[in-house]
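To start, the structure under review is shown below, and the notes come after it.
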Amino acid sequence: MVNGRAAGAAAPEIGAGSSSGVGVGRDQETKGKGGARGRGSRKASRPRFAFQTKSENDVLDDGYRWRKYGQKAVKNSAFPRSYYRCTHHTCNVKKQVQRLAKDTSIVVTTYEGVHNHPCEKLMEALNPILRQLQFLSQL
DNA sequence: CGTCTTTGACCGGCGC
DNA sequence: GCGCCGGTCAAAGACG
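Residue 133 in full-length UniProt numbering is what sits at position 133 of the first sequence, and the numbering runs on without skipping anything.
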């Protein structure tokens, strides 16, 4: 995607502009992936914070780098849900973004976990971000 | 060159 | 017992 990660940059269209017809003939090299992962080995509980942000942009630079690792369609919503993860080494924070079927301009961002690394940019980005935190729901 | 994105396929847990 | 869903990962390609 050529989307600029600038917090102030406003993308006119959502999701549009991509469709990079990947369809690459993926190899069938040992597909034994997934499960083998020590799943659920987390001792510390993961605080889940759901934030409703009004933005057309999916990935807003909130001070941290997010790497999209999956996209699945949900039944409740006719729109696909996007899964993001902090690209940090010591940061196991996960972000879940879903658009509202009624208002595509509203996205439900669910943060899972807490960052363990400093972020100066967050300070500056916090100002505008705080403004977007109109509705804060704590699960 | 490095980095990020996208898609498909797979697995685990849970429900009935 | 089986099926279904959600969730995750890997690789390749593309872009700055």
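Cβ coordinates follow ideal geometry from the N, Cα and C atoms, glycine included.
A quick note: this is a predicted structure, and the numbers were derived from the prediction, not measured.
Inter-residue spacing [alpha-carbon to alpha-carbon] between residue i and residue j
| i | j | result |
| --- | --- | --- |
| E112 | N76 | 21 Å |
| N57 | C91 | 23 Å |
| K114 | G70 | The identity of residue 114 in the sequence shown is Val, whereas the question assumes Lys. Going by the C-alpha atoms only, they are around 20 Å apart. |
Three-state class that DSSP yields for residue i in the structure shown
| i | result |
| --- | --- |
| A101 | coil |
| R65 | coil |
| F49 | strand |
| R55 | At residue 55 the sequence reads Ser, which differs from the Arg that was named. Coil. |
| C91 | coil |
| V108 | strand |
C-beta contact flag for residue i and residue j at 8 Å
| i | j | result |
| --- | --- | --- |
| R67 | Y84 | yes |
| S55 | V107 | yes |
| T110 | A50 | yes |
Candidates the options: closest to residue i by CA position
| i | options | result |
| --- | --- | --- |
| Y64 | A101, A50, C86, T104 | C86 |
| V74 | H117, Q52, V97, R48 | V97 |
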